[in-house]
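Have a look at the structure below, then the notes.
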Amino acid sequence: MELKRFRNYQELSEFVAGEIADSIKNKPSLVLCLASGDTPKLTVELLVNKINEEKIDRSKITFIGLDEWVGLPPTNSGSCHYFFKNNLIGPLQLMTSQYFLFDALADDLRNECLKMDKFINEKNGIDIMVVGIGMNGHIGFNEPGSSFDNLSHIIDLDEITRSVGQKYFNEKVELSQGITIGFKHLLNAKKVFLMANGSKKAEVIKKTVQGPVTEYFPASIMQQHENGFVLVDDDAASLLSNPD
Ligand code: PGA
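So the sequence shown is numbered by this note's numbering: it starts at 232 and just counts up by one.
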């Protein structure tokens, strides 16, 4: 794992968008898995602009959504589905065969997990995974206590995730379960970027980078990834000892 520090959110996002765009140029059939949430928002916007402005071939890329709130329709503006449809899949005009997002309304959610695992395997794994970090140290919906061996799975959401998650919605919603890609896929991904910005993430970044590796603090798994990068702005790095 490597830590990289940026002056601010803009520079952090420009770096990640640039890395992804360059990777697509080198490998047009890139398999990209992205988290939704506030952190990668600007990265997605910059990436889409870059692909469109530089006319980068997007016809062979594959896109995978990291997770979804169980029970939410894709029309809900706080859903991951909604975010990616409107900010990435739509603007890049990806074909349906080029992406997979969890259907959080599926009758058989277990089967939805199997479909995701099969999709990832058929694409020979994820090339680049971009994730954020929750206030409880989760990645995707891999909540504290999630096994590092998990493939895609359904999980009861932690109290912190249920309350912090309200920020994505216009009105109060009942958030009880999530469906998510598990850590086995993260460990198998060829490259992982964990992004964090703002002082509110300083504590969880310190635990991620300098704390013990434990399933009780999920993001600590980053220390086990040989090609894992923890990318932070100055505020999120503020509690690290010897941050440089
Ligand atoms: P955020 O969410 O990017 O909105 O802070 C991160 C997460 O919960 O994974």
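A virtual CB, placed ideally from N, CA and C, is assigned to each residue, including glycine. Note that the structure is a prediction, hence the values are computed from the model and not measured.
Bridge partners - ARG393, DSSP secondary structure assignment:
Taking the sequence shown and counting its residues from 1, the one referred to as residue 393 is at position 162. The partner list for ARG393 (beta bridge, DSSP) is empty, contrary to what the question assumes.
Out of curiosity, what's the CA-to-CA distance linking ASN317 and SER290?
Locating residue 317 in the sequence shown gives position 86, where the first residue counts as 1. Locating residue 290 in the sequence shown gives position 59, where the first residue counts as 1. For ASN317 and SER290, the distance between alpha carbons rounds to 18 Å.
Identify whether MET453 lies in helix, strand or coil by the three-state DSSP scheme.
Here residue 453 refers to the residue found at position 222 of the sequence shown. Correct three-state label for MET453: helix.
Alpha carbon to alpha carbon, what distance is there between ILE410 and LEU265?
What you label residue 265 is simply residue 34 of the sequence shown in a count that begins at 1. What you label residue 410 is simply residue 179 of the sequence shown in a count that begins at 1. Taking the Cα positions, LEU265 is about 14 Å away from ILE410.
Work out the CA separation of ASP298 and PHE333 for me, nearest whole Å.
As a working note, residue 333 is residue 102 in the sequence shown. As a working note, residue 298 is residue 67 in the sequence shown. Those two C-alpha atoms are separated by around 7 Å.
Those runs of the alpha helix (DSSP H) which lie wholly inside the stretch 357-439 and span at least 4 residues
Runs of the alpha helix (DSSP H) lying entirely within the stretch 357-439, each at least 4 residues long, are 390-395, 414-419 in chain order.
Residues around the ligand PGA, please: the ones whose beta-carbon is closer than 5 Å to some heavy atom of it, in chain order.
Residues flagged by the Cβ proximity filter: GLY268, ASP269, THR270, GLY363, GLY365.
Going by beta-carbon coordinates alone, are LYS437 and LEU471 separated by less than 8 Å?
For the purposes of this step, residue 437 is taken as the residue at position 206 of the sequence shown. For the purposes of this step, residue 471 is taken as the residue at position 240 of the sequence shown. Result yes, Cβ atoms of LYS437 and LEU471 sit closer than 8 Å.
For TYR399 and HIS369, I'd like the C-alpha separation in whole angstroms.
Within the sequence shown, numbered from 1, the residue matching residue 399 stands at position 168. Within the sequence shown, numbered from 1, the residue matching residue 369 stands at position 138. In this structure, the straight-line span from the alpha carbon of TYR399 to that of HIS369 is close to 17 Å.
Taking GLU457 as the reference, which of ASP389, VAL440, ASP358, LYS421 has the closest Cα?
Sequence index remark: in the sequence shown, residue 457 carries index 226 (1-based). Here the closest residue by C-alpha is LYS421.
Mapping DSSP to helix, strand and coil, what is GLY268?
As a first step, residue 268 is located in the sequence shown; it is residue number 37 there, counting from the start. Taken through DSSP and simplified to helix, strand or coil, GLY268 comes out as coil.
To the nearest angstrom, how far is the alpha carbon of SER430 from that of ASP465?
Translated into the one-based positions of the sequence shown, residue 430 becomes position 199. Translated into the one-based positions of the sequence shown, residue 465 becomes position 234. Cα to Cα, the separation comes out at about 8 Å.
TYR447 - DSSP class collapsed to helix/strand/coil
In the sequence shown, counting from the first residue as 1, residue 447 sits at position 216. For TYR447, the secondary structure class from DSSP, reduced to helix, strand or coil, is coil.
Taking the CB atoms as reference points, tell me whether GLY365 and VAL395 lie closer together than 8 Å.
Here residue 365 refers to the residue found at position 134 when the sequence shown is read from its first residue. Here residue 395 refers to the residue found at position 164 when the sequence shown is read from its first residue. For GLY365 and VAL395, yes; Cβs fall inside 8 Å.
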